[in-house]
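*Asks:* Going down the list, the protein sequences come from chains A and B. With my numbering applied, the first sequence corresponds to residues 1 to 336, in that order. With my numbering applied, the second sequence corresponds to residues 337 to 672, in that order. All residues carry an ideal CB built from backbone N, CA and C; glycine is no exception. Mind having a look at this structure? Questions to follow.
2 protein chains.
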Amino acid sequence: MKKRILISDIAKALGISVTTVSFILNDKAKEKRISEALTKRVLDYVKKVGYKPNELAKSLRTGKTKILGLIIEDISNPFFGNIARLIESKVYEQGYRIIYCSTNNDVEKAKELIQMFYDRQVDGFIITPSDGLEDTVKQLQQNNIPVVLFDRYFPSLETDYVGADNFQGAFDASNHLCQQGYRRIGFVSLYSDQTQMKERSDGYMKAMDNNKQQSFIQKIQMDASDEEAMESLREFICENRLDAVLFSTNYLAIAGLKASKKFNFTMPAVIAFDDHTVFKLVEPSITVVSQPIKDIAENLINILLLRLQGKIKATRRMVLPCELKVRESTKVKVTS
Amino acid sequence: MKKRILISDIAKALGISVTTVSFILNDKAKEKRISEALTKRVLDYVKKVGYKPNELAKSLRTGKTKILGLIIEDISNPFFGNIARLIESKVYEQGYRIIYCSTNNDVEKAKELIQMFYDRQVDGFIITPSDGLEDTVKQLQQNNIPVVLFDRYFPSLETDYVGADNFQGAFDASNHLCQQGYRRIGFVSLYSDQTQMKERSDGYMKAMDNNKQQSFIQKIQMDASDEEAMESLREFICENRLDAVLFSTNYLAIAGLKASKKFNFTMPAVIAFDDHTVFKLVEPSITVVSQPIKDIAENLINILLLRLQGKIKATRRMVLPCELKVRESTKVKVTS
DNA sequence: AAATTGCGCTAAAAGGTTTTATTTACTAAT
DNA sequence: ATTAGTAAATAAAACCTTTTAGCGCAATTT
Numbered sequence: 001m002k003k004r005i006l007i008s009d010i011a012k013a014l015g016i017s018v019t020t021v022s023f024i025l026n027d028k029a030k031e032k033r034i035s036e037a038l039t040k041r042v043l044d045y046v047k048k049v050g051y052k053p054n055e056l057a058k059s060l061r062t063g064k065t066k067i068l069g070l071i072i073e074d075i076s077n078p079f080f081g082n083i084a085r086l087i088e089s090k091v092y093e094q095g096y097r098i099i100y101c102s103t104n105n106d107v108e109k110a111k112e113l114i115q116m117f118y119d120r121q122v123d124g125f126i127i128t129p130s131d132g133l134e135d136t137v138k139q140l141q142q143n144n145i146p147v148v149l150f151d152r153y154f155p156s157l158e159t160d161y162v163g164a165d166n167f168q169g170a171f172d173a174s175n176h177l178c179q180q181g182y183r184r185i186g187f188v189s190l191y192s193d194q195t196q197m198k199e200r201s202d203g204y205m206k207a208m209d210n211n212k213q214q215s216f217i218q219k220i221q222m223d224a225s226d227e228e229a230m231e232s233l234r235e236f237i238c239e240n241r242l243d244a245v246l247f248s249t250n251y252l253a254i255a256g257l258k259a260s261k262k263f264n265f266t267m268p269a270v271i272a273f274d275d276h277t278v279f280k281l282v283e284p285s286i287t288v289v290s291q292p293i294k295d296i297a298e299n300l301i302n303i304l305l306l307r308l309q310g311k312i313k314a315t316r317r318m319v320l321p322c323e324l325k326v327r328e329s330t331k332v333k334v335t336s
Numbered sequence: 337m338k339k340r341i342l343i344s345d346i347a348k349a350l351g352i353s354v355t356t357v358s359f360i361l362n363d364k365a366k367e368k369r370i371s372e373a374l375t376k377r378v379l380d381y382v383k384k385v386g387y388k389p390n391e392l393a394k395s396l397r398t399g400k401t402k403i404l405g406l407i408i409e410d411i412s413n414p415f416f417g418n419i420a421r422l423i424e425s426k427v428y429e430q431g432y433r434i435i436y437c438s439t440n441n442d443v444e445k446a447k448e449l450i451q452m453f454y455d456r457q458v459d460g461f462i463i464t465p466s467d468g469l470e471d472t473v474k475q476l477q478q479n480n481i482p483v484v485l486f487d488r489y490f491p492s493l494e495t496d497y498v499g500a501d502n503f504q505g506a507f508d509a510s511n512h513l514c515q516q517g518y519r520r521i522g523f524v525s526l527y528s529d530q531t532q533m534k535e536r537s538d539g540y541m542k543a544m545d546n547n548k549q550q551s552f553i554q555k556i557q558m559d560a561s562d563e564e565a566m567e568s569l570r571e572f573i574c575e576n577r578l579d580a581v582l583f584s585t586n587y588l589a590i591a592g593l594k595a596s597k598k599f600n601f602t603m604p605a606v607i608a609f610d611d612h613t614v615f616k617l618v619e620p621s622i623t624v625v626s627q628p629i630k631d632i633a634e635n636l637i638n639i640l641l642l643r644l645q646g647k648i649k650a651t652r653r654m655v656l657p658c659e660l661k662v663r664e665s666t667k668v669k670v671t672s
């Protein structure tokens, strides 16, 4: 157990002051007019002994921790897992670390987590906000903590936000179904006020209206068990004799597939929002509305970093286009 | 922006010393013989003004950060994602936080990450070690940092470890295939020296030997692209006219399924190591060797926490049983 | 000649805790 | 009346940085 080397050890060894070393290490040599010779001497010595500053002491002094809080819905959902992975490697390059937690859409847990991260003085937040988190986010803003929301936002709150064009995605998907000749097209969503759900729902409705089609909408409880969801879906699809369904999330579509397997009914044409490995492998493969995950992650980080550097003041809302990936589940044309 | 309240503010407000407040807040009132009356007065006041100690200052002083480093292969793989989620919520209850990163099996990245976390003074590590990480782990141990490995370990290094019984899992799976009447049973693995792969391979071989069957083994490069893997698998399965395959990881099995779809060959009987949503939904559904994820997560945390509290000295290696979940892919009996 | 500026560097404060070593005010015992 | 002992609290050091304010001197400007 060798002792950690300190900045004071360096100063002592070189016969100079701690201040000077600190300036040099923080790239302020020029600004503080430290001679080039000394700068080099210090840098060389630091490299030689492999000095690493104590990040805690640094953070205590500067008030910056170089840690970002990531509050997401569920790390085990590949959509969020992938975003997390991309975010993680992006910020890593910039010297930031991520500390994360899943909320599972539980407001109270989310509040607690945010408070906890705040107490730990994270420098900024990336949050998928659950219903009811508006005030908490507002407080963060009032305390001057940068926050970027993603996947959904609060219409009444001016916040940075990055998300997909849910309306267009759902609209295109629904239109595609109409063009393929389907006539009884259902939409499966959640009992939730989250914006992304509302937008997807609106996109579906608009497309139905444009095509002079009926709307069939089924909402599922957010806390419904797998069984309950499957039962609702079976009923919705079978009793309405739907010939196509647009699912507003990947896990709802998966529940649908499970239901069709369990209750042994044939699945109508299907489109899911958000891709998933399952959809490529199932027979027939499932058409999806795919969110630009990489773009979303990159923009989230960019905006957050700009905020941290104080380089932007106006709030930014970025809406990125979705892509319809047509697969087998909607290829069989039904001519009416 | 209201100012944070400090311990000194409390001391001042109550006309006592900072030391006393600190003792009381750290449950040392008894030990330090602070009067009950004062203790209560302080506690009440603290609650009233909602004082939260500055964790950074605390960490700087004590050397403990209450943060654990989680070094994982790939957060976007549901197996690891699920473990991460379970770990996260477990340690959360104990007042610890998780800071994580994915290595994608890249040793250099892993080393860098561990160094970084070490510099940030995490209190302990949970690591899925990639090949070549042995020395780094050893160094951590020498520096008295608790480390628990999982999923795999280093035979030559005494470390705490939690993992599944890979040998038994693979053995049972292979035996099951034999009992179902399959005769040309292949095993797909990775070019890797990781213990879990070796154990699974051994389990398969032992079962083949016991049943007087030939062995067919195909290894894939760890850094192979999806395309390359698919091509190798097609060749392996088709040219050897295999009637059953045991895949040593879930993503290899998925690559197999993709290959069969792409190259349009019928998949033989299949068993995958580690479950995945895909396997329940695909037609036919895939039999899997399922690891006890919850048990693994719980034991990882328990051991790490005990270590952190200095309550154990001997290293612990926990091996937990796997469960064979028989599904359709191996149910159709082939009578020879 | 006096005042200002520039240079190269540094002493000391600040950031907010925990913990060690001590003090103070008593009571009980010699 | 002194000593010893104890209960209750505290002053100050320690943890390791960054940053503010400034020093002493030489050169330049007024």
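1) Apply the 10 Å Cβ neighbour rule to Ala608 of chain B and answer buried if 16 or more other Cβ atoms are within range, or exposed otherwise.
2) Is there a Cβ of chain B sitting closer than 8 Å to that of Ile52 of chain A, yes or no?
3) Given a threshold of 16 other Cβ atoms within 10 Å of its Cβ, counted over all protein chains shown, does Lys30 of chain A qualify as buried or as exposed?
4) For the stretch 42-53 of chain A against the stretch 378-390 of chain B, are there 3 or more C-beta pairs whose distance is under 8 Å?
5) Just confirm the distance between the C-beta atoms of Ser76 of chain A and Asn586 of chain B, as a whole number of angstroms; I'd bet it's less than 8 Å.
6) When you compare each of A:Asp202, A:Lys206, A:Ala255, A:Gln196 to Ala224 of chain A by their alpha carbons, which one comes out closest?
7) Would the beta-carbon of Val147 of chain A fall within 8 Å of that of Thr128 of chain A?
8) By the 9 Å beta-carbon criterion, what residues does the stretch 366-397 of chain B contribute toward chain A?
9) Excluding sequence positions up to five away, which residues of its chain have a Cβ less than 6 Å from the Cβ of Pro292 of chain A?
10) Which partner residues of Leu97 of chain A appear in the DSSP bridge assignment?
11) What are the residues in the stretch 276-303 of chain A lying within 9 Å of chain B by C-beta distance?
12) Measuring CB to CB, does Ala595 of chain B end up less than 8 Å from Leu578 of chain B?
13) Run through chain A and tell me which residues come within less than 7 Å of Leu705 of chain B, C-beta to C-beta.
14) Closest by CA to Thr195 of chain A, which one among A:Pro155, A:Leu38, A:Glu231?
15) Between Gly417 of chain B and chain A, is the shortest Cβ-Cβ distance under 8 Å, so that the two count as touching?
16) Strictly by DSSP, which residues pair up with Ala269 of chain A?
17) Rounded to whole angstroms, what is the Cα-Cα separation between Met337 of chain B and Asn211 of chain A?
18) Exposed or buried, Arg120 of chain A, counting other C-beta atoms within 10 Å across all chains shown (16 or more means buried)?
19) Compute the beta-carbon to beta-carbon distance between Gly163 of chain A and Arg307 of chain A, rounded to the nearest angstrom, for a pair I have assumed lies under 8 Å.
20) So, for Gly646 of chain B: in the same chain, excluding its five sequence neighbours on each side, which residues have a beta-carbon less than 8 Å away from its beta-carbon?
21) Excluding five sequence neighbours on each side, which residues of the same chain lie with their C-beta closer than 6 Å to the C-beta of Pro284 of chain A?
22) Give me the subset of the stretch 355-366 of chain B whose CB atoms are less than 9 Å from a CB atom of chain A, sorted by chain position.
23) Kindly indicate which three-state DSSP category Thr330 of chain A falls into: helix, strand or coil?
24) May I ask you to list, following chain order, the residues of the stretch 445-458 of chain B that have a beta carbon less than 7 Å from some beta carbon of chain A?
25) Counting beta carbon pairs with one atom in the stretch 419-438 of chain B and one in the stretch 396-406 of chain B, are three or more of them shorter than 8 Å?
26) In angstroms with no decimal places, state the Cα-to-Cα distance between Lys118 of chain A and Phe453 of chain B.
27) Hey, could you find the ends of the alpha helix (DSSP H) Tyr118 of chain A is sitting in?
28) Kindly identify the DSSP beta-bridge partner or partners of Asp160 of chain A.
29) Thinking just about the alpha-carbon of each residue, which of A:Lys313, A:Val18, A:Ser89, A:Ser192 is nearest to the one in Asp131 of chain A?
30) Please name the residue, chosen from A:Lys40, A:Lys280, A:Pro53, A:Phe247, that lies closest to Ser8 of chain A on a Cα-to-Cα basis.
31) Thinking C-alpha only, which one of B:Asn600, B:Lys474, B:Glu470 is nearest Cys574 of chain B?
32) The beta strand (DSSP E) spanning Lys555 of chain B covers which residue range?
33) Determine the contact status of Asn240 of chain A and Arg184 of chain A, defining contact as a CB-CB distance below 8 Å.
34) So with Cβ pairs under 8 Å, would you call Arg570 of chain B a contact of chain A?
35) Taking buried to mean at least 16 other C-beta atoms within 10 Å of its own C-beta, is Ile312 of chain A buried or exposed?
36) Whole angstroms is fine: what's the gap from Ala605 of chain B's alpha carbon to Val581 of chain B's?
*Replies:* Quick answer:
1) buried
2) Residue identity differs from the one stated: residue 52 of chain A is Lys in this sequence, not Ile. Yes - at least one Cβ of chain B is within 8 Å of the one on Lys52 of chain A.
3) exposed
4) No, the stretch 42-53 of chain A does not touch the stretch 378-390 of chain B.
5) The pair is not a contact, with the Cβ atoms about 14 Å apart (cut-off 8 Å).
6) A:Ala255
7) no
8) Lys388, Pro389, Asn390, Glu391, Leu392, Ala393, Ser395, Leu396
9) Leu320
10) According to the sequence provided, residue 97 of chain A is Arg. The question's Leu does not apply to it. According to DSSP, which records beta bridges pairwise, Arg97 of chain A is partnered with A:Ile67.
11) His276, Thr277, Val278, Lys280, Leu281, Val282, Glu283, Ser285
12) no
13) Absent from the model: residue 705 of chain B. The displayed extent of chain B is 337 to 672, so no value can be given.
14) For Thr195 of chain A, the closest alpha carbon among the candidates A:Pro155, A:Leu38, A:Glu231 is that of A:Pro155.
15) yes
16) In the DSSP secondary-structure assignment, Ala269 of chain A is bridged to A:Ala244.
17) Confidence at Met337 of chain B is low in this model, with a pLDDT of 48, below 50, so its placement is unreliable and the value that follows should be read with caution. Spanning the two alpha carbons is a distance of roughly 53 Å.
18) buried
19) So it is not a contact: roughly 17 Å between Cβ atoms.
20) none
21) Glu328, Ser329
22) none
23) helix
24) Asp455, Arg456, Gln457
25) yes
26) Residue 118 of chain A is actually Tyr in this sequence, not Lys. So the alpha carbons of these two residues sit roughly 20 Å apart.
27) 107-119
28) Answer is A:Val148.
29) Minimum Cα distance to Asp131 of chain A is reached at A:Ser192.
30) A:Pro53
31) B:Asn600
32) 552-556
33) Yes, the pair counts as a contact, with Cβ atoms nearer than the cut-off.
34) no
35) By the Cβ-count criterion, Ile312 of chain A is exposed, with fewer than 16 other Cβ atoms from all chains shown falling within 10 Å of its own Cβ.
36) Ala605 of chain B and Val581 of chain B have their C-alpha atoms spaced approximately 6 Å apart.
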